[in-house]
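Structure first, then comments.
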Amino acid sequence: MNSSKKHAAPERTLILSLLEAAPFSVLPYQITSRNTLIASSWLIALAVGLLVGRKSVVSTDVANANGISLPAKSLYDSRSLDSPSYIAEAKKIERRKITGGSISTANEEALNQTMIELSDVLNVGNRIERTRQMIAFIDRIDNSEIADIVQNFSEAGWVDYNRSEFSMLISAWMDRDPFTAIALLDENETDGWTRKTAISAWAADSPEEAANAIKGLKDRGEVNDWVIGLIEGMARNDPEGALLALKDIEDSKTRNQAIREILPEVVIRGAEFAGKWIEQIRDPNIQRDSAKRLASSLARRDPESASDWIRNMTTVTTRREAAEVVSEIYAQQNLDAAKLWAESLPKDTMTEAAEGVAKYLARKDPVEAAIWLRGLGNDPDLDGARIRFLQETGKQDPQTALENVSTLSRPKDQERYYRDILNRWHKTDGNAAIAWATQNSDFLPAKALKGILPKPKKKKK
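So for the sequence shown, this note's numbering puts the first residue at 3; every next one is plus one.
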């Protein structure tokens with residue numbers, strides 16, 4: 003045994019003992035040697051589990067220790083500019099030192115000059131060059147200036163026009179002085195985007211430190227953006243650990259939104275990874291919603307791999323939801339392959355996959371779509387695909403659509419689509435609609451005929 007394995011064993015033993023002591027009722031997860039982030043994710047979860055509760059002692063102590071005097075005005079209480087003139091705004095802003103203590107005239111002038119320099123950067127038209135100059139600007143500024151620059155940036159109304167640059171500035175602030183940044187943003191920031199951006203930047207590199215720093219911080223919005231930003235940052239390097247960290251979050255809106263922030267990182271790792279990841283979500287509703295969102299992105303990247311992902315899903319309801327999404331995208335890229343794939347699926351999923359194929363095929367060739375659907379059998383669960391076919395075909399080939407309304411399993415649905423398609427056809431070609439209805443009046447529902455056939459003339463007395 004080499005030395006690296008000897009050092010790794012105690013850490014693994016500790017993690018496994020923690021897992022045995024605390025069962026995973028929501029998101030079970032297996033520790034592997036895949037990477038070091040997985041081993042640390044349980045420690046992060048311990049911190050994240052306390053995210054909704056009391057105010058952070060750390061951030062409060064930092065604020066008090068630094069003598070922070072927090073202004074009542076929000077960082078996002080900014081002016082709306084129809085046409086931003088950054089230099090003019092930089093000169094007009096009333097500068098305020100928010101990091102505590104008095105500020106000398108020299109320092110005030112230095113801050114004013116810094117804001118004018120920033121306005122010059124923001125006025126650069128070429129985005130690549132603007133980014134280069136923004137990085138150079140951030141490298142030049144002193145740590146003690148960043149808090150004031152962030153506030154003045156917001157109060158000038160520049161954020162809406164320059165979110166990328168503001169995000170860079172926030173990331174630099176978190177890198178240089180994260181605890182002061184968190185304390186100020188927690189007390190003074192009403193827009194969750196800034197909080198989310200700030201903690202996400204830190205969590206990407208130091209997830210445990212970021213989790214501990216925001217422990218107990220609340221949020222005045224519908225969701226806790228501290229938690230969402232933490233999960234978003236963690237997911238960049240460890241989407242499995244990010245999912246695990248949500249196991250003790252009771253706020254469903256926050257949990258659901260945080261899971262959505264993980265999805266892009268799951269997609270870029272491919273369908274095989276997505277299949278394993280999705281199975282770890284134990285809430286059926288969240289699993290289905292996540293699967294549908296993943297299905298669209300995965301299918302656009304690689305429809306064949308996405309179709310294999312669907313086939314290997316073990317949860318039937320989730321498989322059905324995702325199959326419909328993948329099938330339509332797959333059909334657009336390779337119709338013949340999509341048809342064969344749908345036909346090969348288990349019956350409980352084939353009926354859903356048929357919906358996406360039928361919808362696309364009906365646009366391309368209504369007659370072929372009708373033949374294909376009839377060949378799938380008489381399962382009432384195929385009504386979803388039949389309805390998709392009727393909705394598409396009824397617009398371009400109403401006669402073919404009407405000839406297939408009888409395949410619907412419910413008489414009530416048949417009556418509805420006979421009536422809807424005939425009425426639409428009557429508006430575009432009244433004579434053809436009347437002729438078809440007259441010819442087939444023996445089996446058409448009375449309500450469908452009533453709106454189409456001419457009313458008999460009353461005999462004169």
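Glycine is no exception: its CB is placed at the ideal position from the N, C-alpha and C atoms.
On a predicted model such as this, the values are computed, not experimentally measured, just so you know.
Asked                                                                                                                                                      : Found
Are the CB atoms of Q115 and V123 nearer to each other than 8 Å?                                                                                           : no
To the nearest angstrom, how far is it from the Cα of F155 to the Cα of A149?                                                                              : 10 Å
So Q416 and S408 are in contact, right, with Cβ under 8 Å, and what is the actual spacing, rounded?                                                        : 6 Å
Can you check the region 339-377 for any alpha helix (DSSP H) of at least 4 residues that lies completely inside it and give the ranges in chain order?    : 349-366, 368-377
What does the alpha-carbon distance come out to for the pair A437 and L392?                                                                                : 20 Å
Quick check: the Cα distance between I454 and Q441, rounded to an integer number of angstroms?                                                             : 12 Å
Per DSSP, what kind of secondary structure is E281 in: helix, strand or coil?                                                                              : coil
Quick check on this structure: which residue in I251, I312, G127, I140 has the alpha carbon closest to the alpha carbon of M117?                           : I140
Can you tell me whether P456 is helix, strand or coil according to DSSP?                                                                                   : coil
By Cβ distance below 6 Å, which residues in the same chain neighbour N226 in space, the five residues on each side in sequence not counted?                : T256
Can you say whether G379 is buried or exposed, counting buried as having 16 or more other CB atoms within 10 angstroms of its CB?                          : exposed
Closer than 6 Å by C-beta to T199: which residues in its own chain qualify, once you throw out the five before and the five after it? Chain order, please. : S169, I172
Exposed or buried, what is Q259 when buried is set at 16 or more other beta-carbons lying within 10 Å of its beta-carbon?                                  : buried
Please list the terminal residues of the continuous alpha helix (DSSP H) segment that includes D188.                                                       : 180-190
Measuring straight from C-alpha to C-alpha, what distance separates E473 and E157?                                                                         : With the chain running from 3 to 463 in the structure shown, residue 473 is simply not present.
Could you give the DSSP three-state label for G159: helix, strand or coil?                                                                                 : coil
Starting from N145, trace the alpha helix (DSSP H) in both directions and tell me its first and last residue.                                              : Premise fails: N145 is in no alpha helix (DSSP H) and is neither H nor E.
Of the choices N164, D162, Y163, I151, whose alpha-carbon is the least far from that of A2?                                                                : For the chain, the structure presents residues 3 to 463; residue 2 sits outside this window and is missing.
Cβ atoms of A371 and L363: under 8 Å apart, would you say?                                                                                                 : yes
Taking the continuous alpha helix (DSSP H) assigned at G223, which residues delimit it?                                                                    : Here G223 belongs to no alpha helix (DSSP H), and DSSP marks it neither H nor E.
Go through the region 193-267 residue by residue and report every complete run of the beta strand (DSSP E) that reaches 3 residues or more, in order.      : none
Given this structure, state the Cα-to-Cα distance separating D177 from T133, to the nearest angstrom.                                                      : 18 Å
Measure the alpha-carbon distance for I33 versus A244 and round it to whole angstroms.                                                                     : Summary for I33: the model assigns pLDDT 30, below 50, so the residue's position carries little reliability; its value from the coordinates is reported in the next sentence. Between I33 and A244, the C-alpha separation is close to 14 Å.
Less than 8 Å between the CB atoms is what I'm expecting for A293 and A324, so what's the real figure, rounded?                                            : 4 Å
Under a three-way DSSP split, which group does P305 fall into?                                                                                             : helix
Where G127 and D193 are concerned, what is the direct C-alpha to C-alpha distance, given to the nearest angstrom?                                          : 27 Å
What's the gap between the Cα of L187 and the Cα of A215?                                                                                                  : 13 Å
Quick one: what does DSSP say P447 is sitting in, helix, strand or coil?                                                                                   : coil
Helix, strand or coil for N433? Go by DSSP, reduced to three states.                                                                                       : helix
For the candidate residues K366, G377, E357, whose alpha-carbon lies nearest to that of R388?                                                              : E357
Over what stretch of residues does the alpha helix (DSSP H) that includes V318 continue unbroken?                                                          : 318-335
With C-beta atoms as the reference, is P368 less than 8 Å away from Y332?                                                                                  : no
Could you tell me if S121 is buried or exposed, where buried requires 16 or more neighbouring beta carbons within 10 angstroms of its beta carbon?         : buried
Express the C-alpha separation of L347 and I261 in angstroms, rounding to a whole number.                                                                  : 28 Å
Using CA atoms only, rank isn't needed, just tell me which of K249, V268, I251 is closest to D240.                                                         : V268
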